[in-house]
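Using the working numbering, read the sequence shown as starting at 16 and increasing by one per residue.
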Amino acid sequence: MWGTEVHIRGWLTGLIVFLLAPCLLFASLWFHSKFEDVNSIDRSLAGLNLIQALGPLMQEKALTGTVKQPTELLVRQLADFDVSAREQSLVADLSGFMNEQGIPDALRKARSLASSIAQHSRLSSSSSFETSEFPHLINDTLLSVVIETSVMVNNGEMLAGKDAINTWDKMLVPVQAGQFKVAADTASRATKENFMDLQGPKADSLRDKAAAYRSANLAYQSAGSKLLSSTIKGTTGADIANGELNKVQPDFVRAIFNLWQETVDYLHADLQHQRAETMFAVALAGLVGGLVIIAAFAIAVALSRALADRTQQEFENLGFHDPLTGLPNRRALLKTLRGLSDRETPNRIGLVILDLRHFKKINDLFGDQSGDSILRDVAEQLVQFAEAEDFLCRTGGTEFMLLRPDLTDSASFEDTPARIIRELGRERQIEGQKLVLESNAGLLISNAGDPITDQLLVDAELALRSAKQKAPRKVERFTSEMRVAFEENGEIAKQLLRAMNNGEIVPWFQPQVDVHTGEIIGAEALVRWLDHQTVRFPGYFLPAAEEAGYMDRIEAIVRQKTLELASEFTGKTRRTVHFGLNISADLLSNASAVGALHRHVLDAGLNPSMISLEILEAVMIDEDKAKPIKENIAHLSDLGFFIELDDFGTGHSSISSLRDLKIDRVKIDRSFVSGVDTNKDLQKFTSALINLAKSLDISVLAEGVETPGERDWLARNGCDVIQGFLVSKAVPEVELAAMILKKNFTVQSNPFFNEKSATA
Ligand code: C2E
Ligand code: CA
Ligand code: CA
Numbered sequence: 016m017w018g019t020e021v022h023i024r025g026w027l028t029g030l031i032v033f034l035l036a037p038c039l040l041f042a043s044l045w046f047h048s049k050f051e052d053v054n055s056i057d058r059s060l061a062g063l064n065l066i067q068a069l070g071p072l073m074q075e076k077a078l079t080g081t082v083k084q085p086t087e088l089l090v091r092q093l094a095d096f097d098v099s100a101r102e103q104s105l106v107a108d109l110s111g112f113m114n115e116q117g118i119p120d121a122l123r124k125a126r127s128l129a130s131s132i133a134q135h136s137r138l139s140s141s142s143s144f145e146t147s148e149f150p151h152l153i154n155d156t157l158l159s160v161v162i163e164t165s166v167m168v169n170n171g172e173m174l175a176g177k178d179a180i181n182t183w184d185k186m187l188v189p190v191q192a193g194q195f196k197v198a199a200d201t202a203s204r205a206t207k208e209n210f211m212d213l214q215g216p217k218a219d220s221l222r223d224k225a226a227a228y229r230s231a232n233l234a235y236q237s238a239g240s241k242l243l244s245s246t247i248k249g250t251t252g253a254d255i256a257n258g259e260l261n262k263v264q265p266d267f268v269r270a271i272f273n274l275w276q277e278t279v280d281y282l283h284a285d286l287q288h289q290r291a292e293t294m295f296a297v298a299l300a301g302l303v304g305g306l307v308i309i310a311a312f313a314i315a316v317a318l319s320r321a322l323a324d325r326t327q328q329e330f331e332n333l334g335f336h337d338p339l340t341g342l343p344n345r346r347a348l349l350k351t352l353r354g355l356s357d358r359e360t361p362n363r364i365g366l367v368i369l370d371l372r373h374f375k376k377i378n379d380l381f382g383d384q385s386g387d388s389i390l391r392d393v394a395e396q397l398v399q400f401a402e403a404e405d406f407l408c409r410t411g412g413t414e415f416m417l418l419r420p421d422l423t424d425s426a427s428f429e430d431t432p433a434r435i436i437r438e439l440g441r442e443r444q445i446e447g448q449k450l451v452l453e454s455n456a457g458l459l460i461s462n463a464g465d466p467i468t469d470q471l472l473v474d475a476e477l478a479l480r481s482a483k484q485k486a487p488r489k490v491e492r493f494t495s496e497m498r499v500a501f502e503e504n505g506e507i508a509k510q511l512l513r514a515m516n517n518g519e520i521v522p523w524f525q526p527q528v529d530v531h532t533g534e535i536i537g538a539e540a541l542v543r544w545l546d547h548q549t550v551r552f553p554g555y556f557l558p559a560a561e562e563a564g565y566m567d568r569i570e571a572i573v574r575q576k577t578l579e580l581a582s583e584f585t586g587k588t589r590r591t592v593h594f595g596l597n598i599s600a601d602l603l604s605n606a607s608a609v610g611a612l613h614r615h616v617l618d619a620g621l622n623p624s625m626i627s628l629e630i631l632e633a634v635m636i637d638e639d640k641a642k643p644i645k646e647n648i649a650h651l652s653d654l655g656f657f658i659e660l661d662d663f664g665t666g667h668s669s670i671s672s673l674r675d676l677k678i679d680r681v682k683i684d685r686s687f688v689s690g691v692d693t694n695k696d697l698q699k700f701t702s703a704l705i706n707l708a709k710s711l712d713i714s715v716l717a718e719g720v721e722t723p724g725e726r727d728w729l730a731r732n733g734c735d736v737i738q739g740f741l742v743s744k745a746v747p748e749v750e751l752a753a754m755i756l757k758k759n760f761t762v763q764s765n766p767f768f769n770e771k772s773a774t775a
C-alpha cells in the first residue's frame, strides 16, 4: 500500500511536470515573441523619430531652397541606426540631400532617405491595422505632392523666363500638372479614407489638417490652372501667369507638412500605444503566469500533502490493524484505552483476554494456512460476543482481547469468558478431521472511579497467565494479589539468580521409611534457598523461578547434589536407599533433557533404579502435552528409573494410564492423609486410592504423615512407605546421613558419615 502511494506520487509529479513543461515552453516562446514585438516597435519608433527630424529640413528646402546643417545628433543617430545595414549609406543619403541644389531633386533624395529609414525600421509591419497606410503617406504620398508642386513652380519660373514658348514648353506644363494632380488627389483620397474611421481628439486634429490640406490643394490647383491656360495660350515668357501659383505654393507646402507632421505624430502615438499595450500584455501575462505557476505549485503541494496525509492514515490504519483477521491490534487497543482515560467520569471497564492453547501443534498438524483460517474463524466467533460499544482486537499470535468501555452489567460480563471458551471449544472440522480448541481467559473488571491506564492490560494478562498455569479452559479474574505476587516474583527472580551463582540453592532431604520396620528406604530431595540466616522454601521462590525460566538450572543443582550423595551411599546401606527427584513437566516434555538425565545418572556411577522420579499427576491433565510426556515417562521407566506418581489423588489419572506408564509407586497426597485415622469419609476415599494402586501391583507411599495415629491407620490399610514430619522434616545431607546411620544400619563402618558429621 505504501509502495502504491509512492507510485501515485511519482505519477502526480510526472503529470504536473508533463503539463507544466509545455506551458512553460509555450509561455517562454510567447514572452519571447512579445519582447520581439516591443523591440521592433522600439526600432520603428527610432526610425520614425529620424524621419520626423527630416521633416523641418525638407520643409525648409521646399520653401527656401536652402537647408541649414542638420544637427550632429541626427547624423549620429542615423549612423547608429544604419550600422547593421548598408555601410553609412543613410548618412551619405542625408548629405546627398543637403548638397543637392535643385529643390525637387533634393526632395526626391530626402524621400528616398525616408523610405530607406522606414524600410529599415519596418515601419509598415509595426503599424496597426488602422495606421497601416500611414508609413506610405509619410514616406511617399505626401512628399510626392511636395515634390510635384516644386517641379510645377520650377517649370512656371523656367517658362516665365523664356522669350518664346514653343510647343514642347506648352506640353511640359499639362503633363507636369497631370502628375501633380495624380499625386495630390491620391493624397487627398488616402487621407480621407484612412482618417475617416479614426477615433479620439488626435483623429479630429488629423482630419482638420487633412481638410486644411485639401483646401490649400484647391487654391493651389486653381492657381495651377491659371498657369496651365496661360501657358497654352501664351507665346512669350511674359504671357505665363505663374505669380499666383508662386504665391499659394508656400501655404500649400506648409499645409502638406502640417498634415505630414500630424500623420507622423499620430503614427508615433499609435506605436507608443501599441508598445504600452504589448508591455501591459507582457506584464499581465507575467503576473497571470506567475499566479498560474504559484497556483500549480500550491495545488501540487496540497495534493502531495493530501497524499502524504492519506498515506500516513493508511499506514496508521495498517499499524492499527491485524492483517490476518482484520481486527484492530494491540496498538489500537492501547489507543482506545488511552482515549477512555481522558473521559471526565471514568466508568468501569471490563476486559477479557483470551489465549488459545497448543496452537503451534495445530499449525504443525494442519499447516499454517489452516491455522490462519482457524484464527479467522475464531475472530468471527468472538465478534458474536462483542456488543455495539465493545472493542475486540487481536493482541498477539493466538491472543485476543475484548474491551467493554462502559460496564453496566458486570454479572453478565463475568460470564462472557467462560461462554467464549465453551463456544470455541465446540468440535470443528478441519480438512475432514475433528478439532477441539482449548483456551484460557483472564478477566478484569476495573473498580468504579479507578483511573484507566495501560496497567489494566498487564493486569488482565496476569489473570490469563494464572489461568493458564491452572488448567485448560480455566478463567481467572484479576486480583490485586496477582500483581503483588508478580512484582515480588520479579524481585525474587533477581535475587535468585545471585543465589544460584553463590551456591545458596541446595537440596535438603526428607527421609521416607518403611511403615512396618521404620527403616529409611529413601529420601526426597527438596530444594532450599539458604538466604543468609533464612531458609527459604520452594513455595517462596519456585513460582518466580518458573516465570524467569530458572527451573532447569535449579533442578540441575538439586540433581547434581542428590546424585553425588546417592553415589556416596551406594552399597553402604543394608537396604537400598532411593533418592527422589521432583521432575518438572518441562523436562518430561523434552526428549533430549530426558537423555541428559539418564547420562548424568550413569556418569555418577549409579543404577537408574536407585533414582526415583517424582512426576506430578497433574502434568498429565493437559491432554496435548500428555502424549509426549507419557512417551518420555515410558522411556525413563524402560531405562530402569523408579517412577513415582506425586500428589496422587489430586489429579485425574486413570487406571489405564497408571498401568501403561509402569508406575512403580504412588505418593498419596497429604490431603488424603491428614486426619485419615479419625475421618471416616476420608478413610473410604484413601483406602480406595490404596486399593486402586494395589490392584495394579503398585507400591503406596503416604505423604505428610504427622501423627502416629495416621501412621498406624496407613500401616493397617496397605500403605508401604510413609514420609512426613512424624519421621522428619527435610534436612541437610549430613543430618540425613546421621539418620540413616541410626535407622538403616550400614553394611560396614563408613568413613563418609564420620567425615560429614565432623564437618557439619
Ligand atoms: P512435594 O513434592 O509434594 O513435596 C512435599 C512437600 O510437603 C514438601 O514441601 C515437604 O516439606 C512438605 N511436607 C512433607 N512432610 C510434611 C508434613 O508432615 N506436613 C506438612 N505440612 N508438610 C510436609 P516443600 O519442600 O516446601 O516443597 C514444596 C513443593 O516444592 C514440593 O511438593 C515440590 O512439588 C516442589 N519442589 C521442591 N523441590 C523441588 C525440586 O527440586 N524440583 C521441582 N520440580 N519441584 C520441587
Ligand atoms: Ca515430591
Ligand atoms: Ca507431593
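Glycine residues also receive a C-beta, built at the ideal position from the N, C-alpha and C atoms. Computed from a predicted structure; not experimentally measured.
Judged by beta-carbon spacing, Arg419 lies beyond the 8 Å limit of Ile368, meaning their Cβ atoms are not closer than that value. Residue ranges of uninterrupted alpha helix (DSSP H) with 4 or more members, entirely inside the stretch 99 to 183 and ordered along the chain, are 104 to 114, 118 to 135, 138 to 141, 157 to 175.
In its chain, beyond the 5 residues on either side, Val609, Leu628, Ile658 have a beta carbon closer than 7 Å to the beta carbon of Leu651. Taken through DSSP and simplified to helix, strand or coil, Ile507 comes out as helix. Looking at Ala649, Asn597, Ala581, Ser599, the one whose alpha-carbon comes closest to that of Gly620 is Ala581.
A distance criterion of 7 Å places the beta-carbon of Glu539 in contact range of ligand 2, judged by its closest non-hydrogen atom. When Cβ pairs closer than 8 Å are counted between the two stretches, the stretch 126 to 139 is seen not to touch the stretch 175 to 191, the count staying below three. What you get when you keep residues with a C-beta closer than 5 Å to any heavy atom of ligand 2 is Asn597, Glu629, Asp661. Using a cutoff of 7 Å, the CB of Lys485 does not count as near ligand 1, since none of the ligand's heavy atoms is closer than that. The stretch 233 to 242 makes contact with the stretch 260 to 269, as at least three CB pairs between them are under 8 Å.
Taken through DSSP and simplified to helix, strand or coil, Ile535 comes out as strand.
Secondary structure note for Gln698: its alpha helix (DSSP H) is the uninterrupted segment 695 to 710.
Shortest gap from the CB of Arg551 to any heavy atom of ligand 1: 7 Å or more. In the three-state scheme derived from DSSP, where H, G and I count as helix and E and B as strand, Ser425 is classed as helix. Considering only Gly690, Thr665, Pro623, the residue with the shortest C-alpha distance to Ala633 is Thr665. When distances are taken from the beta-carbon of Lys744 to the heavy atoms of ligand 3, even the shortest one reaches 7 Å or more. Secondary structure at Leu541: strand, using DSSP grouped into helix, strand and coil. Arg58 is bridged by DSSP to nothing; it lacks a bridge partner.
The beta carbon of Gln264 sits closer than 7 Å to those of Thr164, Val168, Tyr235, all from its chain and outside the five residues before and after it, given in chain order. Distance between Ser59 and Ala133, taken at the CA atoms: about 8 Å.
For Glu718, the shortest C-beta to heavy atom distance toward ligand 3 is below 7 Å. Set against 7 Å, the gap from the CB of Asp529 to the closest heavy atom of ligand 3 is not smaller. In the displayed model, His336 falls within a strand according to three-state DSSP. Beta bridge pairing from DSSP links Trp523 with Leu541.
In summary, Ser743 is buried, with 16 or more beta-carbon neighbours lying within 10 Å of its beta-carbon over all protein chains present. When the five nearest sequence neighbours on each side are left out, the beta carbons in the same chain lying within less than 8 Å of the beta carbon of Ala300 are those of Ala42, Trp45, Phe46, Lys49, in order along the chain. A distance criterion of 7 Å places the beta-carbon of Val634 beyond contact range of ligand 1, judged by its closest non-hydrogen atom. Each residue's CA atom was taken as its position, placing Met113 and Val106 some 11 Å apart. Boundaries of the alpha helix (DSSP H) harbouring His615: 606 to 618, taken from the DSSP string.
By alpha-carbon distance to Glu414, the top candidate from Asp430, Thr722, Val393, Ala121 is Val393. Taking the Cβ of Lys682 as the reference point, at least one heavy atom of ligand 3 falls within a distance shorter than 7 Å. Relative to the non-hydrogen atoms of ligand 1, the Cβ of Val542 comes within a distance shorter than 7 Å of at least one. Between ligand 1 and the CB of Val573, the shortest heavy atom gap is smaller than 7 Å. With a 10 Å radius around the Cβ and a threshold of 16 neighbouring Cβ atoms, Leu477 comes out buried. Our two residues, Leu673 and Glu404, have alpha carbons roughly 51 Å apart in a direct line. Counting every other CB atom within 10 Å of its CB across the protein chains shown gives Val592 a total of 16 or more, marking it as buried.
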